[in-house]
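Reviewing the structure listed below.
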Amino acid sequence: MLLSGQAVARNGSKVVARVGSAAAKSSRPSSHPRVRTKAAASKDLFCVGQESLGDGSTLFRFSEEKPPEPVAAVEEPAPAAVEETPPAPAPAAVKEAPPAPKKEEEKPAPKKMAPPPAKGFGSKAPEQTAIQPAVIIGAGRVGEALASMGGGKDVVLRRGDPFPADAPAGPIIVCTRNDVLEQVVHGIPPGRWGDLVFLQNGVLQPWLEKKGLQKCTQMLAYFAVAKLGDPVTDGKTELNPEGLTSITGKWGEAVAQRLH
Numbered sequence: 043m044l045l046s047g048q049a050v051a052r053n054g055s056k057v058v059a060r061v062g063s064a065a066a067k068s069s070r071p072s073s074h075p076r077v078r079t080k081a082a083a084s085k086d087l088f089c090v091g092q093e094s095l096g097d098g099s100t101l102f103r104f105s106e107e108k109p110p111e112p113v114a115a116v117e118e119p120a121p122a123a124v125e126e127t128p129p130a131p132a133p134a135a136v137k138e139a140p141p142a143p144k145k146e147e148e149k150p151a152p153k154k155m156a157p158p159p160a161k162g163f164g165s166k167a168p169e170q171t172a173i174q175p176a177v178i179i180g181a182g183r184v185g186e187a188l189a190s191m192g193g194g195k196d197v198v199l200r201r202g203d204p205f206p207a208d209a210p211a212g213p214i215i216v217c218t219r220n221d222v223l224e225q226v227v228h229g230i231p232p233g234r235w236g237d238l239v240f241l242q243n244g245v246l247q248p249w250l251e252k253k254g255l256q257k258c259t260q261m262l263a264y265f266a267v268a269k270l271g272d273p274v275t276d277g278k279t280e281l282n283p284e285g286l287t288s289i290t291g292k293w294g295e296a297v298a299q300r301l302h
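The opening position of the sequence shown corresponds to residue 43 in the working numbering, with each subsequent residue numbered one higher.
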């Protein structure tokens, strides 16, 4: 390749040429001979770059190697717009039905219980329980009250009355003061001393042992009779609603039935 009015230099496979302005070419004779490059005869040169210099000239760069052809930018297709699926409508609130009212369990009817037996004096009528006939010594308030609780077959003796030969074979209830006990006991046949029932207050045990009567029936009476003929007031309390009168001995059960 022939370059006229150019400065040419070979640097390997590259050729650099500097081209001046048009005015410089015409006014200044060329002092450089024409240069024919062998590379131009045998090989093509390819411009691989240019650069504008400060004096108005342009510097071109040539190369025997063909620069790679620029690859056309392939425009990627814009992504297709994706239609947003509208959100599914919220499910309608389901009203919960109120729970059915529970059926009340039918409670069995309470069993009718027989009323508890009455306690205290007079809780058992004479016709319900056979009252053992007795000999009652002492016709005062207590003696008369005990006789009224019997079945009408009792024998009531005043102090000093002789003991009847046909007296009922049952308890002999002594309702006298303590100071006449000796006289009362000796007025009763010794064969019936085992049937004696003592109601006196105080410590009788030493005297009973002295007379050999320690096995006789004894009752601690916890009731009161205000006056002759009045009803008996039982000594019941909130803690002892059954009463506090107690009795022990051979005829304890028979006398207790009378008190009930």
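Note that beta-carbon positions come from the ideal geometry of N, C-alpha and C, so glycine has one too.
Simplified DSSP state of residue i, which is helix, strand or coil
i: Ser190; result: helix
i: Asp276; result: strand
i: Gly212; result: coil
i: Leu101; result: strand
i: Glu138; result: coil
i: Ala174; result: What sits at residue 174 in the sequence shown is Gln, not Ala. Here Gln174 sits in coil by DSSP.
i: Leu199; result: strand
i: Gly91; result: strand
i: Gly164; result: Note that Gly164 scores 49 on pLDDT, short of 50, meaning its location in the model is unreliable and no value can be drawn from it.
i: Gly182; result: coil
Straight-line Cα distance separating residue j from residue i
i: Met43; j: Glu107; result: Confidence is the limiting factor: at Met43 the pLDDT is only 39, short of 50, which leaves the residue's position unreliable, though a coordinate-based value still follows. Met43 and Glu107: Cα-Cα distance of roughly 15 Å.
i: Gly233; j: Arg300; result: 24 Å
i: Ser105; j: Leu95; result: 20 Å
i: Leu286; j: Ala142; result: 58 Å
i: Lys257; j: Pro248; result: 12 Å
i: Glu186; j: Glu147; result: 58 Å
i: Ile179; j: Gly277; result: 23 Å
i: Thr275; j: Trp293; result: 23 Å
i: Val267; j: Pro204; result: 27 Å
i: Ser288; j: Ala298; result: 8 Å
i: Arg279; j: Pro140; result: The residue you asked about is not Arg; residue 279 is Thr in the sequence shown. Going from the Cα of Thr279 to the Cα of Pro140 covers about 56 Å.
i: Thr218; j: Gly193; result: 22 Å
i: Leu238; j: Leu223; result: 11 Å
i: Val198; j: Pro150; result: 55 Å
i: Glu251; j: Gly271; result: 35 Å
i: Glu284; j: Ile230; result: 34 Å
i: Pro273; j: His302; result: 13 Å
i: Arg103; j: Asp97; result: 18 Å
i: Glu295; j: Lys144; result: 56 Å
i: Ala181; j: Gln174; result: 19 Å
i: Ser36; j: Ala207; result: Since the first residue of the chain shown is 43 and the last is 302, residue 36 is not available in this structure.
i: Phe265; j: Thr290; result: 17 Å
i: Glu138; j: Ala130; result: 23 Å
i: Leu246; j: Gly202; result: 22 Å
Beta-carbon separation (whole angstroms), residue i vs residue j, contact threshold 8 Å
i: Thr259; j: Pro210; result: The pair is not a contact, with the Cβ atoms about 16 Å apart (cut-off 8 Å).
i: Leu188; j: Val216; result: Not really, about 11 Å apart at Cβ, beyond 8 Å.
i: Met269; j: Arg183; result: Note that residue 269 is Lys in the sequence shown, not Met. Yes, they are in contact, since the Cβ atoms of Lys269 and Arg183 sit about 7 Å apart, within 8 Å.
i: Trp235; j: Leu255; result: 6 Å
i: Asp196; j: Ala176; result: 5 Å
i: Leu101; j: Glu93; result: 4 Å
i: Gly244; j: Asn220; result: 6 Å
i: Pro109; j: Val90; result: 5 Å
i: Val226; j: Lys253; result: Not confirmed; about 12 Å, so no contact.
Bridge partners - residue i, DSSP secondary structure assignment
i: Thr290; result: Gln260
Inset, instruction - Could you name each continuous alpha helix (DSSP H) segment of 4 residues or more that falls completely within the segment 231-273, going from the start of the chain to the end? - result: 247-253
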